[in-house]
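**Student:**
There are 2 protein chains.
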Amino acid sequence: MLSEKENNYLELIRTPLEGRDSRAIKLLFKGLHPTDIAAIFNAVSEEDMLFLFRLLTPDVASEVFLEVDEHLRERLIAVISSNELVEVVDEMETDDAADIISELPADDARKVLDSLDDEESIELQKLLSYPEDTAGGKMQTELISVNENATVDEAIEEVRRNASHVENISNVFVVNSSGELVGVAPLDKLILARWTEKIMTVTDTEPIMAVTDLDQEEVAKLFQRYELFTMPVVDHNNKLLGRITVDDVVDVIEEEIFEDFYRMASLNVGEKPLDPPFRAFKMRAPWLLLNLVTAFCAASVVKIFEGTIETLVVLAVLMPIVAGLGGNAATQTITVVIRGLALGDVGLRNARKIIFKETLVGLANGLLIGAVAGLIAYILGSDVMLGVLIFLAMTANLFIAGLGGATVPLILRRLNLDPALSSSIFVTAFTDIGGFFTFLGLAAVFIKAGWL
Amino acid sequence: MLSEKENNYLELIRTPLEGRDSRAIKLLFKGLHPTDIAAIFNAVSEEDMLFLFRLLTPDVASEVFLEVDEHLRERLIAVISSNELVEVVDEMETDDAADIISELPADDARKVLDSLDDEESIELQKLLSYPEDTAGGKMQTELISVNENATVDEAIEEVRRNASHVENISNVFVVNSSGELVGVAPLDKLILARWTEKIMTVTDTEPIMAVTDLDQEEVAKLFQRYELFTMPVVDHNNKLLGRITVDDVVDVIEEEIFEDFYRMASLNVGEKPLDPPFRAFKMRAPWLLLNLVTAFCAASVVKIFEGTIETLVVLAVLMPIVAGLGGNAATQTITVVIRGLALGDVGLRNARKIIFKETLVGLANGLLIGAVAGLIAYILGSDVMLGVLIFLAMTANLFIAGLGGATVPLILRRLNLDPALSSSIFVTAFTDIGGFFTFLGLAAVFIKAGWL
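One line per chain: the protein sequences are A and B, in this order. Residues 1386 to 1837 in my numbering are what the first sequence lists, from first letter to last. Residues 1386 to 1837 in my numbering are what the second sequence lists, from first letter to last.
1) Could you list which residues in chain B have their beta carbon closer than 9 angstroms to that of Lys-1742/A, in chain order?
2) Looking at the secondary structure, which residues open and close the beta strand (DSSP E) in which Phe-1558/A lies?
3) With distances taken from CA atoms, which of Leu-1802/B, Arg-1799/B, Glu-1639/B and Ile-1706/B is nearest Gly-1755/B?
4) Using a beta-carbon distance below 8 angstroms, is Ala-1520/A in contact with chain B?
5) Please list, in chain order, all residues of the same chain as Gly-1772/B whose beta carbon is under 6 angstroms from its beta carbon, the five residues on each side excluded.
6) Is it true that the stretch 1517-1533 of chain B meets the stretch 1548-1566 of chain B, where meeting means three or more beta-carbon pairs spaced less than 8 angstroms apart?
7) Just the Cα atoms here: how many angstroms apart are Met-1386/A and Ile-1465/A?
8) Tell me where the beta strand (DSSP E) around Gly-1568/A begins and ends.
9) Just checking, does the stretch 1675-1689 of chain B make contact with the stretch 1650-1659 of chain A on the three C-beta pairs under 8 angstroms criterion?
10) What residues match up with Met-1616/A in a beta bridge as DSSP calls it?
11) Would you say Met-1386/A lies against chain B (beta-carbon separation less than 8 angstroms)?
12) Measuring CB to CB, does Asp-1493/A end up less than 8 angstroms from Ile-1462/A?
13) Return the residues of the stretch 1674-1697 of chain B that lie within a Cβ-Cβ distance of less than 7 angstroms from chain A, sorted by chain order.
14) I'd like the span of the beta strand (DSSP E) that includes Asn-1532/A, first residue to last.
15) If we cut at 8 angstroms on Cβ distances, does Asp-1730/B have a partner in chain A?
16) Measure the CB-CB distance between Leu-1783/A and Gly-1751/A and report whether it falls below 8 angstroms.
17) Listed in chain order, which residues of the stretch 1410-1429 of chain A have Cβ atoms closer than 7 angstroms to some Cβ of chain B?
18) Take Pro-1443/B and list the residues in its own chain whose beta-carbon comes closer than 6 angstroms to its own, dropping the five residues that flank it on each side.
19) Please classify Leu-1387/A: does DSSP put it in a helix, a strand, or coil?
20) Given a cut-off of 8 angstroms on the beta-carbon distance, is the pair Leu-1625/A and Gly-1568/A in contact?
21) Any chance you could list the alpha helix (DSSP H) runs of at least 4 consecutive residues sitting entirely within the stretch 1750-1803 of chain A, in chain order?
22) Report yes or no: is there a C-beta of chain A within less than 8 angstroms of the C-beta of Gly-1709/B?
23) Using a Cβ-Cβ distance under 8 angstroms, would Ala-1756/B count as near chain A?
24) Would you be able to state if there are at least three C-beta pairs under 8 angstroms between the stretch 1445-1464 of chain B and the stretch 1588-1602 of chain B?
25) What number of angstroms, rounded off, separates the C-alpha of Ala-1665/A from the C-alpha of Gly-1712/B?
26) Quickly, what does DSSP pair Gln-1525/A with across the bridge? List them, please.
27) Verify the CB distance criterion: does Asn-1750/A have a CB-CB separation below 8 angstroms to chain B?
28) Against chain A, with Cβ distances strictly below 8 angstroms, would Lys-1574/B count as a contact?
29) Thinking Asn-1677/B and Val-1757/A are a contact (beta carbons under 8 angstroms), I'd like their distance in whole angstroms, please.
30) For chain A, find out if any of its Cβ atoms is closer than 8 angstroms to the Cβ of Leu-1703/B; answer yes or no.
31) From Phe-1690/B to Leu-1825/B, what does the alpha carbon distance come to, in whole angstroms?
32) Hey, Pro-1658/A and Val-1812/B: beta-carbon distance below 8 angstroms or not?
33) Using a cut-off of 8 angstroms between C-beta atoms, extract the partners of Ile-1541/B located in chain A.
34) Grab the span of the alpha helix (DSSP H) containing Pro-1671/A for me, first residue to last.
35) Measure from the alpha carbon of Leu-1700/B to the alpha carbon of each residue in Arg-1669/B, Ala-1828/B and Asp-1633/B, then state which is nearest.
36) Tell me which residue opens and which closes the alpha helix (DSSP H) that Pro-1419/A is part of.
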């Protein structure tokens, strides 16, 4: 749906762009959201992009600048003058400006900071000092605050005075004379109140807030838990420094879930789809080398039973079936448990219940899948005892997969480690070893007993 | 951090709860957020929970009711009187009320709908008619709207009149005399404007909006793309029906990413961590049966080379190493590509680039991992040519893993299927077959040539 819309815009702009018809383009841009203009930028040549960029008003230019793909932004930074760059950064909210400056080459960053007016430059340098993934790194300094002795009338006057440069105002923050946060007054409550009332009558004096060094994941959890639109950020002395708005948090939530995803797949969380191949190679190789170690461990189990396989080569044909099913059953269990841990449905409080449930599910699936697998093997011409062997080994391995798949992430959580570290590499090692051992071990017993 | 806070609350409430000291509990609850009260409910006995529930004021009770775990809510519904239930539902916003009613047994639902006043009952029944995962299913009907001919003053008066029962007011919606949406006026702009001005002077006449049947995933994408706090919902005739607020969208975004997660792990998206074991068994069994088919396919490749393994049993020991590494390398690639597709960094426009990159990364890792694997095998006492064999097979299989892992999700996207369907089951089948075939096939060639 979105891409259809974008295609329409591209159609519309093609002729005026080819004819370098500035007036027609400016008119068209007036009706477009900066995000959509950025989408056009992503789709045209660099030369066209630069031409279009210079037709934008500074406030739109700054928003488009933030929305284009990262590599296009790098190209823009490289070609526009430092005056143009300063103008663009000047229009941004402080959190965005700090993000952009931190992306700039040191020289350019210096130049931009020097060209901004003193107050803004100092504010930005303060923001740049907070780690990017903390409340301090996520906050913007644009906000409306009033003293606790103000009236509703004065608060609304303050909103009016600042509404042109503060976006998404949904609260007025109330501070005491030392600048410490006293509470939060929602804008709709302000409008509802009589204007001569004191601001404190409509102020929530126990607002949810964050200290600058709170991790962004915790910030996001607070937003979700309390369904917030905006949150004040204070220093360790409770002094109001900035605010975080929910639109910035949405991306954090997405990022954090994908981090779980990445850890489970044995990927570095810093890797991006468009990274250069050599960078991706360097980031993945250590994981695969670790996987090599676990794979040799699993192979050493097979090695123990080399004699057994020599006696009955068909065992080598069937053993990957038992191991492979175990791997996928364990992946199912781990995924369910990790999702539950991330959303808070699962925790140490109900760990025993989850482990019991998953082990039971593993056992039930083992009995079913084992029976079907044994039957298929028999139908395909194997000895009936070989079918029984598959049945028993599969049941045991899927039981192990359920038990291990539920227990390992919970143990990691108990140790305050990331449960998503129970990644594919360890899962497959675990179920390969389990599968090879139960299948080949039982086969050795069967052969010794003369059943095979 | 959160759980620490909860523990503190539990500590605080223990003594008054044991002494059934209603006054002390009510006082304590006054300072707590409903979400935190719900957390206490989740941690105490059912009897205590019911006692506490009855101490809440109706508006807090309705919020706590929404926040407690689903199975506790079911218990509450079972034990409270239908009058109490009606009172609780009556306090809710319409979207929440509709969700709760849809969870109720048919009898209770009927009773609640009959007991509410006519207007609200009709509104709720309309909401219940939209599928849960659409804009219509997510919207609430509480909103502030004014006619396009109104003045700013009249709009603010309308906000005042409704602020007690509409939460999170950040916009006034502007409609014409037929109730069709004309635009959206942000509250902060209203405050900034002169009060005698016409509302249209501060109205955005091209707002981002949703039609009732738009999928919730598309709604969430619009919120993210345009950094919205609230969005109007209209019918196909552009008539304003409701609005969606960003706090409801945050959960949708989380849900949608976890759906990708689940599909990749071959899980039904409807499964929940606390489902009863039999339900989980029923949902997973079909996937594992499908996996059994793919596993037998991979095994049939080994079957072809039974004679080769008979000649050299150590091949059965080493073949799972080549197959296993391929599986994990492919999982890495697929995860990166699916994340890219979900976030929009990867698409059909740059498909060739991604496939080339991932194949190159696979090849590079194949060369490295293959060399190390060959070396380890040699050091552990294998023939040097066996080391060469592992090296070649590993290189080929990780090349295949990169190529396949990048191509399959993109083909699925091209066919308008869900790329996350390229799940673990197919990945492991693909790389098992690739691994067994390259390793055993090359082994057969080596043996025939007299190198092994």
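Positions of the beta carbon are idealized from the N, C-alpha and C atoms, including for glycine.
**Tutor:** If we stick to the structure as given:
1) Along the first sequence, one-based indexing puts residue 1742/A at 357. In chain order: Pro-1658, Leu-1659, Asp-1660, Pro-1661, Pro-1662 and Ala-1665.
2) By one-based count along the first sequence, residue 1558/A stands at place 173. Under the DSSP assignment, Phe-1558/A falls in the beta strand (DSSP E) whose first and last residues are 1556-1560.
3) Within the second sequence, numbered from 1, the residue matching residue 1755/B stands at position 370. Gly-1755/B has its Cα closest to that of Ile-1706/B, out of Leu-1802/B, Arg-1799/B, Glu-1639/B and Ile-1706/B.
4) Within the first sequence, the letter at position 135 stands for residue 1520/A. Chain B contact via Cβ: absent.
5) Against the second sequence, residue 1772/B aligns to sequence position 387. Hits under 6 angstroms: Gly-1759, Ala-1762 and Tyr-1763.
6) By the Cβ test, the stretch 1517-1533 of chain B is in contact with the stretch 1548-1566 of chain B, since at least three Cβ pairs between them sit closer than 8 angstroms.
7) As a first step, residue 1386/A is located in the first sequence; it is residue number 1 there, counting from the start. As a first step, residue 1465/A is located in the first sequence; it is residue number 80 there, counting from the start. Confidence is the limiting factor: at Met-1386/A the pLDDT is only 37, short of 50, which leaves the residue's position unreliable and the question unanswerable from this model.
8) What you label residue 1568/A is simply residue 183 of the first sequence in a count that begins at 1. First-last of the beta strand (DSSP E) with Gly-1568/A: 1566-1571.
9) Result no; under three Cβ-Cβ pairs closer than 8 angstroms.
10) For the purposes of this step, residue 1616/A is taken as residue 231 along the first sequence, with counting starting at 1. Partner(s): Ile-1629/A.
11) In the first sequence, residue 1386/A corresponds to position 1, counting from 1. With a pLDDT of 37 at Met-1386/A, under the threshold of 50, the predicted position of this residue should be treated as unreliable, though the coordinate-derived value follows. Closer than 8 angstroms to some Cβ of chain B, the Cβ of Met-1386/A qualifies, so yes.
12) Stepping through the first sequence from its first residue, residue 1493/A is reached at position 108. Stepping through the first sequence from its first residue, residue 1462/A is reached at position 77. Judged by their CB atoms, Asp-1493/A and Ile-1462/A are nearer to each other than the 8 angstroms cut-off.
13) Along the stretch 1674-1697 of chain B, going in chain order, the ones with a CB nearer than 7 angstroms to a CB of chain A are Leu-1674, Asn-1676, Leu-1677, Ala-1680, Phe-1681, Ala-1683, Ala-1684, Val-1687, Lys-1688, Glu-1691, Ile-1694 and Glu-1695.
14) Looking up residue 1532/A in the first sequence gives position 147. Note, Asn-1532/A: beta strand (DSSP E), 1530-1532.
15) Numbered from its first residue, the second sequence carries residue 1730/B at position 345. So, interface residue.
16) On the first sequence, residue 1783/A is found 398 positions in, with the first residue counted as 1. On the first sequence, residue 1751/A is found 366 positions in, with the first residue counted as 1. Yes; because the gap between Cβ atoms is below 8 angstroms, this pair is in contact.
17) Flagged, chain order: Gly-1416, His-1418 and Thr-1420.
18) Start at 1 with the first residue of the second sequence, and residue 1443/B comes out as number 58. For Pro-1443/B, same chain residues with a beta-carbon under 6 angstroms away, outside a window of 5 residues either side, are Glu-1472 and Glu-1476 in chain order.
19) Taking the first residue of the first sequence as 1, we reach residue 1387/A at position 2. Because Leu-1387/A sits at a pLDDT of 47, beneath the cut-off of 50, its placement in the model cannot be relied upon, and the point is left open.
20) As a position in the first sequence, residue 1625/A is number 240, starting the count at 1. As a position in the first sequence, residue 1568/A is number 183, starting the count at 1. The beta carbons of Leu-1625/A and Gly-1568/A sit no closer together than 8 angstroms.
21) Under the rule that a run must span 4 or more residues, the alpha helix (DSSP H) segments found entirely inside the stretch 1750-1803 of chain A read 1769-1799.
22) Reading the second sequence from its first residue, position 324 is the one you call residue 1709/B. So, interface residue.
23) Looking up residue 1756/B in the second sequence gives position 371. It does not: the Cβ of Ala-1756/B has no partner Cβ on chain A nearer than 8 angstroms.
24) No contact exists between the stretch 1588-1602 of chain B and the stretch 1445-1464 of chain B.
25) As a first step, residue 1665/A must be located in the first sequence, where it is residue number 280. As a first step, residue 1712/B must be located in the second sequence, where it is residue number 327. About 17 angstroms.
26) Reading the first sequence from its first residue, position 140 is the one you call residue 1525/A. Gln-1525/A is bridged to Arg-1628/A.
27) For this step, residue 1750/A is matched to residue 365 along the first sequence. It does: the Cβ of Asn-1750/A has a partner Cβ on chain B nearer than 8 angstroms.
28) Along the second sequence, one-based indexing puts residue 1574/B at 189. Under the 8 angstroms criterion on CB atoms, Lys-1574/B is classed as interfacial with respect to chain A.
29) Within the second sequence, numbered from 1, the residue matching residue 1677/B stands at position 292. Within the first sequence, numbered from 1, the residue matching residue 1757/A stands at position 372. In the sequence on display, residue 1677/B carries Leu and not Asn. With a Cβ gap of about 6 angstroms, Leu-1677/B and Val-1757/A count as contacting.
30) By 1-based counting over the second sequence, the position of residue 1703/B is 318. Yes, Leu-1703/B counts as interfacial toward chain A.
31) What you label residue 1690/B is simply residue 305 of the second sequence in a count that begins at 1. What you label residue 1825/B is simply residue 440 of the second sequence in a count that begins at 1. Phe-1690/B and Leu-1825/B have their C-alpha atoms spaced approximately 6 angstroms apart.
32) Residue numbering aside, residue 1658/A sits at position 273 when the first sequence is read from its first letter. Residue numbering aside, residue 1812/B sits at position 427 when the second sequence is read from its first letter. Contact check for Pro-1658/A against Val-1812/B fails: the beta carbons are separated by 8 angstroms or more.
33) For the purposes of this step, residue 1541/B is identified with residue 156 of the second sequence, where counting begins at 1. Neighbours of Ile-1541/B in chain A, taken as residues at a C-beta separation under 8 angstroms, are given in chain order as Ile-1576.
34) Position 286 of the first sequence, counted from the start, is the residue given in the question as residue 1671/A. Per DSSP, the unbroken alpha helix (DSSP H) holding Pro-1671/A starts and ends at 1662-1689.
35) One-based indexing of the second sequence puts residue 1700/B at position 315. Among Arg-1669/B, Ala-1828/B and Asp-1633/B, the Cα nearest to that of Leu-1700/B is on Ala-1828/B.
36) The sequence position of residue 1419/A within the first sequence is 34, counting from 1. In the DSSP assignment, Pro-1419/A falls within the alpha helix (DSSP H) that extends over 1419-1428.
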